[in-house]
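Chains as they are written, first to last, in this note's numbering: chain W, 63 to 352; chain D, 61 to 404. Comments concern the structure below.
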């Protein structure tokens, strides 16, 4: 029972990371109806920025917030320079552009920062009161940060005029333009926000899996699965899906098939869920008008 | 979700819209003859490694053609076609290693096996659309290398070590090296596969596939059996990709799980988009791209080759969002020549 609880909580901890990357994916999907395959690599790149800032002598939290701001700017610039010119191009061509971005960020990180595995500090002290033998202080802290991000995002979209404008621009670009919303700027803002969320996720995951250019590849897979299982158009669903995938992955790996096949089995399960509920757990079923 | 699909469909439709002319125009026959001459000339001009590369281009071309039948002509996205490539390659390898089957007989066997697996996968995947289908196929692509390494299948697959194969010699005492013969064999298979695909896509089946892509519900109303055609498209597409995989196994003389990672599946998708979605000839341009551009990028910059690759990828999409064939068609239209385009 103790071991089971331990696995469950470890699953929740990694699920928190998947949840925040899934949230970033959903953000961009809601704004643009594209899945950003480069999201994980962008988050990894942001984490490297944080790492070099800390190496340069900045205190952790200063580096943390500087990275979030820099990532916001970086993602907004990517949207403006690379994605915006593609807005009227075929969907598959956009997918290929995302793949291009993915390999660019991956390769650049390896080139600039090296492929050796680096340690990344955790902001949560090891002997903090919320840590225990079940869950390390960092895992509890990471989950708390994820929940904080979700709450902040929810309030931003629900209660601020800017959030309302962003939702409007995503749902109906033409009508939003008519009421005076600058849709292009909203898209850029959406990308920036997603970049910032990704950066937070990266900095939370790095102390656990260590920092190297391959850090986010697996995470992106799980986040993608989490976002879809929760429903790609539902931020709450994405978070729920992320946690679910984390727990499933851990329990299946420990009790059913062993670590070598756990990724496959987790994905097969997810596809199974999707065949029963094609729009995800919390997703809206889209009714097509003929 | 729906928006994604409609945009995907309309853009796919636009990509192949000008290609509805069937039959062969005179200018077209000339082009075909030049291509054929060029392809045969490679046998005697290219040496060793270049011949191997040419054979691999052909194997990729067949695989890309398969993916294009599914994604370009039927509108179903697959991020996991590397899995069918792997199944084709392993079918060949296992038959040659354990069954003592001659290499040429393993190619149709790979097609049959992949047809069955593809159909079996396509049937339940009918419920999924767009991104969700992308995830399901993605899962297939991720799971395949792990399955091939699985210890209970090791007796057949050779586990992580994989299987080493023998290179076939030229038959009937032909004065050709093994490399030359293998290239010609691959060329023959490629021609057969392209002719079949051309005829299939020109037929009522091809029209049904395109109708489903452009408007599934309207197609259903016109009496097209969506379920049947969509799962058959999956099967046929998998069979093509499997044949490509089988050829690659014979050419490389080696199969191992780590040759069929997710990266292969993504390369295949990149290949059809670069070549031209929903076009027959795009497969060849795409195959040339995924064969040569990574190593060219390595030559340009040893430090960050994939950054170069990514930049090239994005630049090509900026310059020709319809792929190489889309670009050629635009040029063709501009010059108003009346050479008909193939496929459709």
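Backbone N, C-alpha and C fix where the C-beta goes; we use that ideal spot for every residue, glycine too. Every value quoted in this text rests on a predicted model; they were computed, and no experiment measured them.
Legend entry - residue 330 of chain W: contacting residues in chain D (beta-carbon distance under 8 Å): Taking the first chain and counting its residues from 1, the one referred to as residue 330 of chain W is at position 268. Within chain D, the residues near residue 330 of chain W are 199 and 203.
Legend entry - Three-way DSSP call (helix, strand, coil) for residue 83 of chain D in this model: What you label residue 83 of chain D is simply residue 23 of the second chain in a count that begins at 1. Residue placement at residue 83 of chain D cannot be trusted, given a pLDDT of 47 that sits under 50; the coordinates are not used to answer.
Inset, instruction - Pair every Cβ in the stretch 125–142 of chain D with every Cβ in the stretch 288–303 of chain D, then say whether three or more of these pairs are closer than 8 Å. - result: The stretch 125–142 of chain D and the stretch 288–303 of chain D touch, with no fewer than 3 CB-CB distances between them shorter than 8 Å.
Legend entry - Local conformation of residue 323 of chain D per DSSP, three classes: In the second chain, counting from the first residue as 1, residue 323 of chain D sits at position 263. Looking at residue 323 of chain D - three-state DSSP - the assignment turns out to be helix.
Legend entry - the stretch 220–238 of chain W touching the stretch 122–129 of chain W, judged by at least three CB pairs closer than 8 Å: They do not touch, by the three-pair rule.
Inset, instruction - Could you confirm whether any beta carbon from chain D is found closer than 8 Å to the beta carbon of residue 310 of chain W? - result: Residue numbering aside, residue 310 of chain W sits at position 248 when the first chain is read from its first letter. The Cβ of residue 310 of chain W sits no closer than 8 Å to any Cβ of chain D.
Legend entry - Residues of its chain near residue 258 of chain W, where Cβ-Cβ distance is below 6 Å and the 5 sequence neighbours each way are ignored: Residue numbering aside, residue 258 of chain W sits at position 196 when the first chain is read from its first letter. Cβ neighbours of residue 258 of chain W beyond the five flanking positions: 130, 133 and 134.
Inset, instruction - Determine the DSSP secondary structure at residue 65 of chain D, reduced to helix, strand or coil. - result: The residue labelled residue 65 of chain D in the question sits at position 5 within the second chain. Residue confidence for residue 65 of chain D is low, a pLDDT of 46 falling below 50, so the modelled location carries little weight and cannot support an answer.
Legend entry - C-beta neighbour in chain W for residue 378 of chain D, strict 8 Å: Counting from 1 along the second chain, the entry for residue 378 of chain D is found at position 318. At least one chain W Cβ lies under 8 Å of residue 378 of chain D.
Inset, instruction - List the residues of chain D whose Cβ lies closer than 8 Å to the Cβ of residue 173 of chain W, in chain order. - result: Counting from 1 along the first chain, the entry for residue 173 of chain W is found at position 111. Those are 363, 364 and 367, listed as they occur along chain D.
Inset, instruction - Compute the beta-carbon to beta-carbon distance between residue 86 of chain W and residue 228 of chain W, rounded to the nearest angstrom, for a pair I have assumed lies under 8 Å. - result: Position 24 of the first chain, counting from 1, holds the residue named residue 86 of chain W. Position 166 of the first chain, counting from 1, holds the residue named residue 228 of chain W. Actually they do not touch by this definition, with Cβ atoms about 15 Å apart.
Inset, instruction - Please look up how many angstroms separate the CB atoms of residue 273 of chain W and residue 110 of chain W, rounded, as I've assumed it's under 8 Å. - result: Counted from its first residue, the first chain places residue 273 of chain W at position 211. Counted from its first residue, the first chain places residue 110 of chain W at position 48. In this structure, residue 273 of chain W and residue 110 of chain W form a Cβ contact; the two beta carbons are roughly 7 Å apart against a cut-off of 8 Å.
Inset, instruction - Go ahead and pull the three-state DSSP assignment for residue 314 of chain D. - result: If you number the second chain from 1, residue 314 of chain D lands on position 254. Looking at residue 314 of chain D - three-state DSSP - the assignment turns out to be strand.
Inset, instruction - Say whether the stretch 215–229 of chain D touches the stretch 312–324 of chain D, bearing in mind that this needs 3 or more beta-carbon pairs closer than 8 Å, one atom from each stretch. - result: Counting C-beta pairs closer than 8 Å gives three or more between the stretch 215–229 of chain D and the stretch 312–324 of chain D, which meets the contact rule.
Inset, instruction - Would you tell me roughly how many angstroms separate the C-alpha atoms of residue 178 of chain W and residue 117 of chain W, rounded to the nearest one? - result: Position 116 of the first chain, counted from the first residue, corresponds to residue 178 of chain W. Position 55 of the first chain, counted from the first residue, corresponds to residue 117 of chain W. Approximately 15 Å, taken between the alpha carbons.
Legend entry - DSSP beta-bridge partners of residue 224 of chain D: Position 164 of the second chain, counting from 1, holds the residue named residue 224 of chain D. Secondary-structure assignment with DSSP links residue 224 of chain D through a beta bridge to D:314.
Legend entry - Through-space distance from residue 198 of chain D to residue 163 of chain W, alpha-carbon basis: Working through the first chain from its first residue, we reach residue 163 of chain W at position 101. Working through the second chain from its first residue, we reach residue 198 of chain D at position 138. Straight across, the Cα-Cα distance linking residue 163 of chain W with residue 198 of chain D is about 19 Å.
Legend entry - DSSP three-state assignment for residue 180 of chain W, whether helix, strand or coil: As a position in the first chain, residue 180 of chain W is number 118, starting the count at 1. Three-state result, residue 180 of chain W: strand.
Legend entry - Any C-beta of chain W under 8 Å from that of residue 403 of chain D: For the purposes of this step, residue 403 of chain D is taken as the residue at position 343 of the second chain. Residue placement at residue 403 of chain D is poorly supported in this model, since its pLDDT is 45, which falls under 50; the coordinates still yield a value, given next. Cβ-Cβ to chain W under 8 Å: no for residue 403 of chain D.
Legend entry - Cross-chain neighbours of residue 238 of chain W in chain B, by beta carbon under 9 Å: The chain labelled as chain B is not found among the protein chains of the depicted structure, namely W and D.
Inset, instruction - For residue 273 of chain W, write down the residues that DSSP places opposite it in a beta bridge. - result: For the purposes of this step, residue 273 of chain W is taken as residue 211 along the first chain, with counting starting at 1. For residue 273 of chain W, which the question treats as bridged, DSSP gives the partners W:180.
Inset, instruction - Inspect the beta-carbon positions of residue 376 of chain D and residue 250 of chain D and report whether they are closer than 8 Å. - result: Here residue 376 of chain D refers to the residue found at position 316 of the second chain. Here residue 250 of chain D refers to the residue found at position 190 of the second chain. Not in contact: residue 376 of chain D and residue 250 of chain D (Cβ atoms no closer than 8 Å).
Inset, instruction - Could you name the residues of chain D that residue 147 of chain W contacts, counting a contact when the two beta carbons are closer than 9 Å? - result: In the first chain, residue 147 of chain W corresponds to position 85, counting from 1. Within chain D, the residues whose beta carbon sits less than 9 Å from that of residue 147 of chain W are 378, listed in sequence order.
Inset, instruction - Just the C-alpha distance for residue 79 of chain W and residue 115 of chain D, rounded to the nearest angstrom, thanks. - result: The residue you call residue 79 of chain W lines up with position 17 of the first chain. The residue you call residue 115 of chain D lines up with position 55 of the second chain. Cα to Cα, the separation comes out at about 44 Å.
Inset, instruction - Determine, using beta carbons only, whether residue 371 of chain D comes closer than 8 Å to chain W. - result: In the second chain, counting from the first residue as 1, residue 371 of chain D sits at position 311. Put simply, the CB of residue 371 of chain D is near chain W, with a gap under 8 Å to one of its CB atoms.
Inset, instruction - Run down chain D in chain order and give the residues with a C-beta less than 7 Å from the C-beta of residue 286 of chain W. - result: Counting from one through the first chain, the residue named residue 286 of chain W turns up at place 224. Within chain D, the residues near residue 286 of chain W are 195.
Inset, instruction - Determine the DSSP secondary structure at residue 343 of chain W, reduced to helix, strand or coil. - result: Residue 343 of chain W sits at position 281 when you count from the first residue of the first chain. DSSP, reduced to helix, strand and coil, places residue 343 of chain W outside both helices and strands of the structure shown, so it counts as coil.
Inset, instruction - Run the CB neighbour count on residue 141 of chain W, radius 10 Å, all protein chains shown included, and call it buried at 16 or more, exposed below. - result: Along the first chain, read from residue 1 onward, the residue named residue 141 of chain W stands at position 79. Classification of residue 141 of chain W: buried, given that the 10 Å Cβ count is 16 or more.
Inset, instruction - Could you give the DSSP three-state label for residue 151 of chain D: helix, strand or coil? - result: Locating residue 151 of chain D in the second chain gives position 91, counting from the first residue. The three-state reading of DSSP puts residue 151 of chain D in helix, counting H, G and I together.
Inset, instruction - Could you name the residues of chain W that residue 206 of chain D contacts, counting a contact when the two beta carbons are closer than 8 Å? - result: In the second chain, the residue the question calls residue 206 of chain D occupies position 146. What residue 206 of chain D touches in chain W: 322, 323, 325 and 326.
Inset, instruction - Output the boundary residues of the alpha helix (DSSP H) element that contains residue 388 of chain D. - result: Your numbering for residue 388 of chain D matches position 328 in the second chain. Segment 383–395, the alpha helix (DSSP H) holding residue 388 of chain D.
Inset, instruction - Kindly indicate if chain D contains any beta-carbon less than 8 Å away from that of residue 163 of chain W. - result: On the first chain, residue 163 of chain W is found 101 positions in, with the first residue counted as 1. Output row for residue 163 of chain W: interface = yes.
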